[in-house]
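Protein chains in written order, with numbering that gives the first Met the number 0: chain X, 0 to 269; chain E, 0 to 521.
Let me begin by presenting the structure, written as structure tokens, before commenting on it.
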Amino acid sequence: MRRKLNKAAVPLIQVKDLRKSYEDGAPVLKGVSINIEEGDLVSIIGPSGCGKSTFLRCLNCLEYIDSGTITIAGVTVSRSVEDEEQDRDFDKKFLEACHKMRQEVGMVFQSFNLFPHKTVLENIMLAPMVVKHVKEDVARKTGIELLAKVGLADFADKYPATMSGGQTQRAAIARALAMNPKVMLYDEPTSALDPELVGEVLQVMKNLDQEGMTQVIVTHQMKFARDASDYIVFMHGGEIVEKEDGDVLFTQPKDERTKNFLRHLNGVIA
Amino acid sequence: MKRVRLLLCAIIALFVCAFSASAEDKPVLKWGGDSEGNVPYMFMEPDSENKHMIGFEIDIVNALAERMGMTPQFVHNGWDNLIPGLNLGLYDIALSGLEITPEHQEEVDFSLPYYKTFLQLVVQKGNPAKINSLEDCVGKRVGTLKQSYAFFQLVEAGVDEIRTYDNEINAYQDMAHDRLDAVLMDSPIAIFYAGFNTDLEFVGKPIGEILYGIPVRKGNSELLDKLNKALVSIRDDGTLRGIYDRWNMWTPVMADFFHDETPAKFGPDRFNAWAEYQRKGLTWKQRFDRYVSFLPTFGKASIVTLKVSVCAMALAIALGLILAVTRLFAPKFLSRIATGYIEVVRGTPVLIQLFFIFYGLPNIGLKLTPFWAGVIGLGINYAAYEAENYRAGLMAVPRAQMEGALALGMTKREALRYVVIPQAVRVSLPPVTNDFISLLKDSSLVSMITLIDLTKAYGQLANTYYDYFGIGIMVAIIYFLIGLPFVRLARYTERRLAVAIQGNRGSKHGRDTTLRPASYHN
Chain X
0 MRRKLNKAAV PLIQVKDLRK SYEDGAPVLK GVSINIEEGD LVSIIGPSGC GKSTFLRCLN
60 CLEYIDSGTI TIAGVTVSRS VEDEEQDRDF DKKFLEACHK MRQEVGMVFQ SFNLFPHKTV
120 LENIMLAPMV VKHVKEDVAR KTGIELLAKV GLADFADKYP ATMSGGQTQR AAIARALAMN
180 PKVMLYDEPT SALDPELVGE VLQVMKNLDQ EGMTQVIVTH QMKFARDASD YIVFMHGGEI
240 VEKEDGDVLF TQPKDERTKN FLRHLNGVIA
Chain E
0 MKRVRLLLCA IIALFVCAFS ASAEDKPVLK WGGDSEGNVP YMFMEPDSEN KHMIGFEIDI
60 VNALAERMGM TPQFVHNGWD NLIPGLNLGL YDIALSGLEI TPEHQEEVDF SLPYYKTFLQ
120 LVVQKGNPAK INSLEDCVGK RVGTLKQSYA FFQLVEAGVD EIRTYDNEIN AYQDMAHDRL
180 DAVLMDSPIA IFYAGFNTDL EFVGKPIGEI LYGIPVRKGN SELLDKLNKA LVSIRDDGTL
240 RGIYDRWNMW TPVMADFFHD ETPAKFGPDR FNAWAEYQRK GLTWKQRFDR YVSFLPTFGK
300 ASIVTLKVSV CAMALAIALG LILAVTRLFA PKFLSRIATG YIEVVRGTPV LIQLFFIFYG
360 LPNIGLKLTP FWAGVIGLGI NYAAYEAENY RAGLMAVPRA QMEGALALGM TKREALRYVV
420 IPQAVRVSLP PVTNDFISLL KDSSLVSMIT LIDLTKAYGQ LANTYYDYFG IGIMVAIIYF
480 LIGLPFVRLA RYTERRLAVA IQGNRGSKHG RDTTLRPASY HN
């Protein structure tokens, strides 16, 4: 299942020197650069506060970057001090680019964020109809197919509040897929789930990987990260410390910070 | 949406019907008066089926209009506002016991006086407070009508405990209940209201001098001339005297004033009808029949109340939503404007806003009908409250919902429309319902800008029948019943939205969905 690193094609995701600070000025991302190939499944791990979630949210423009360049599937979001000074319409163009970027990227949240006032099927149909003006019957057909794909064929008319966390998260994945994204991002998708429900969500992600979907996952599921990922990115203090094959990273970490992190985890993973 | 639009069309059609006036051949003489002006000035005929207004001033207007070759058309306005309303052009003359005073003459021109009278002191039977003159009133509790000539006489006499009333019945009743030592009012009022009350008695000599005149707008000399000619004509041919005779209002003061010492040509039949009516005790059956006979009057008034409330609420809901969204999501500059609007409008009394819109805006050329002034006044006021209700609702929707929608490629506007606002509505619904009921009752304020709504109708009937208690309960029930369907509708909508949000698993198992600890939907 695992593919080799360093494929020859143009990387689907290119991130260059991404910087981001909180409003109070504390830096979160201190120049992050990474290329991710099409079809890769990448896990990002690291201690809390290391900026991994912020990094992921930047890829979907749910956080606006301070500077740097992100290119995903040909859409570029870029920002620098010079740009802002020279281009009077910069803000407008930047927001437009962000909006375009979000259409290429699907996002799954720790807290699911399904719309509680709509049924599962309506949740899936809404964005295609509103954003892409897909006809209702087409959206419905796609929605039902996607629900079947994530194993929720019988849940179309349920409201999110009536479902388990695992079911809800699978529905959220189906909802993101309905927009036909080039990339799927997951922000700790299983952290809010009871342990026995984690597997069903991870299984959906594994299936998507086999279909060739490019996926980036911020996770604490070390076993999953190690087994399913093409490679793991370890972040610490707003920087990428190591980018390595799972087995290698867990058995022969190079950096002291990685070693430290794994030492703390010892006993948690098998 | 379609249904809402249909409803709006229906409402608009209703107004068009309500406002299309019937054609008249003769020129119309629009005259203003206080329909709660009371006996004998203007009041609802107690025993008639169709509840029309009678009074000596109505007789005078009819006589005058006939001489002027015009058709009288009555416009109701509160007594306090008769002169502002005249200057606003709501009507061209006004008759409601308006005294010719220097203060009034600054605002309007008066016709020749049509009646001269004086103030009458009335005290409790046996005169326990030993009051026989204005001077005796000092240190005593004295009641009168607010802003009346009597009030200023009391102030001048140095009476420090003056209680002012909106209507005469309450003043005399309060004295019967020993809350007042004396009441000072225009003599006709005293005769008609206190004269039949065996617990009260008249004391002292006539006080002061009151001249009733008919105001016209300053500079409207053509109408004033016509009016004065008609007035002299009905005085000289005895028509006016006849009216006063029939109402038992011909007094030595009047005989002196009109230089007419001849004996009466008419009996006081109008007065006697009233006196007869006052003496009559009522059986329960009669009382019930009387209340039933009020229903058409209250029905008409309810429609005014409902129309004003529903239109104002529609405005408030729409404007409130715009304000709330602007305040939360618009650029800072616009957001500040919305916040400022909310603070200012919420922080000032709605009555003053109504007066401002109705009487103030015409100064800058913006003239609204009473109905629309009422709708807009109440609407923009309640919009400020609705905006805050929506803001609470919008803020109650987790930020994650907005993020979820944005992550799916929606714009902020789309996210608001399809995801955030539908959820916010549910949260806002209970306080919005609350405000609608509140608005329904606040709509009684439109009676201050000449509309005859439920509260006004209540005032008219209660004054005529001397019955604040029974009619009051009746009106309270009507308000309650009008509000009830809206409350039910809101509850129903709330429940439906709640089912959507919390799912329907409970009902499937035959369990009450709402019985969950920590549930908002109970």
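Note that CB positions come from ideal geometry on N, CA and C, so glycine has one too.
- If you compare the alpha carbons of E:R412, E:A423, E:L377, E:K411 with that of E:P397, the shortest gap goes to E:A423.
- Closer than 8 Å to the CB of X:Q102 there is at least one CB belonging to chain E.
- E:V215 is positioned such that its CB atom lies closer than 8 Å to that of E:L222.
- X:F233 sits in a strand when the DSSP states are folded into three classes.
- Interface annotation, X:F114: in contact with chain E, CB-CB separation under 8 Å.
- Residue state for X:K15 is assigned as strand, using DSSP reduced to three classes.
- By the C-beta criterion, the region 69–82 of chain E is judged not to be in contact with the region 186–198 of chain E, since fewer than 3 inter-stretch pairs fall below 8 Å.
- Counting only runs of 4+ residues, the alpha helix (DSSP H) found wholly inside the region 164–199 of chain E occupies 167–175, in chain order.
- For X:V129, the residues of chain E that pass the 7 Å Cβ criterion are M409, E413, Y417, in the order they occur in the chain.
- Membership of X:M183 in the beta strand (DSSP E) is indicated by the continuous run 182–186.
- The C-beta of E:L428 comes no closer than 8 Å to any C-beta of chain X.
- Judged by DSSP in its simplified three-state form, E:E102 adopts helix.
- Shortest Cα-Cα distance from E:K225 to any of E:W78, E:L111, E:I472 involves E:L111.
- Around E:Y148, the same chain offers E98, I209 as residues with beta carbons nearer than 6 Å, after the five sequence neighbours per side are excluded.
- Per DSSP, the continuous alpha helix (DSSP H) segment holding X:V247 begins and ends at 245–250.
- Nearest in C-alpha terms to E:Q123, of all of E:G77, E:L460, E:S186, E:T197, is E:T197.
- Listed along chain X, the residues sitting closer than 7 Å to E:L405 by beta-carbon distance are L61, R101.
- X:R87 sits in coil when the DSSP states are folded into three classes, being neither helix nor strand.
- For X:F54, the enclosing alpha helix (DSSP H) begins and ends at 51–58.
- Distance from the CA of E:N247 to the CA of E:V158, rounded to the nearest whole angstrom, comes to 31 Å.
- For E:S308, the CB contacts under 7 Å within the same chain, skipping 5 residues up- and downstream, are L438, L439, S442 in chain order.
- In the structure shown, E:V486 falls within a helical segment according to DSSP collapsed to helix, strand and coil.
- For the C-beta of X:L125, the chain E residues within less than 7 Å are, from N- to C-terminus, Y417.
- In this chain, E:G88 is not harboured by any alpha helix (DSSP H), its DSSP state being neither H nor E.
- For E:W30, the uninterrupted beta strand (DSSP E) run begins and ends at 27–32, by DSSP.
- Straight across, the Cα-Cα distance linking E:R425 with E:R416 is about 14 Å.
- For E:P330, no chain X residue has a C-beta closer than 9 Å to its own C-beta; the minimum C-beta separation is roughly 11 Å.
- Interface annotation, E:E493: not in contact with chain X, CB-CB separation never under 8 Å.
- The Cβ of X:F89 sits no closer than 8 Å to any Cβ of chain E.
- Under the three-state reduction of DSSP output, X:I35 falls in the strand class.
- With the criterion set as a beta carbon lying under 7 Å from some beta carbon of chain X, the members of the region 379–406 of chain E are A399, Q400, E402, G403, L405, A406, in sequence order.
- In terms of CA proximity to E:N227, E:V60 leads the group E:A382, E:V60, E:V343, E:P295.
- Assignment of beta-bridge partners to X:T70 by DSSP yields X:Q13, X:T75.
- Annotation: Cβ neighbours of X:H98 in chain E (cutoff 8 Å, chain order): G408, T410.
- Nearest C-alpha to X:V76 among X:D23, X:I12, X:V41, X:V27: X:I12.
- Against chain E, the CB of X:S110 has a partner CB under 8 Å away; the residue lies at that interface.
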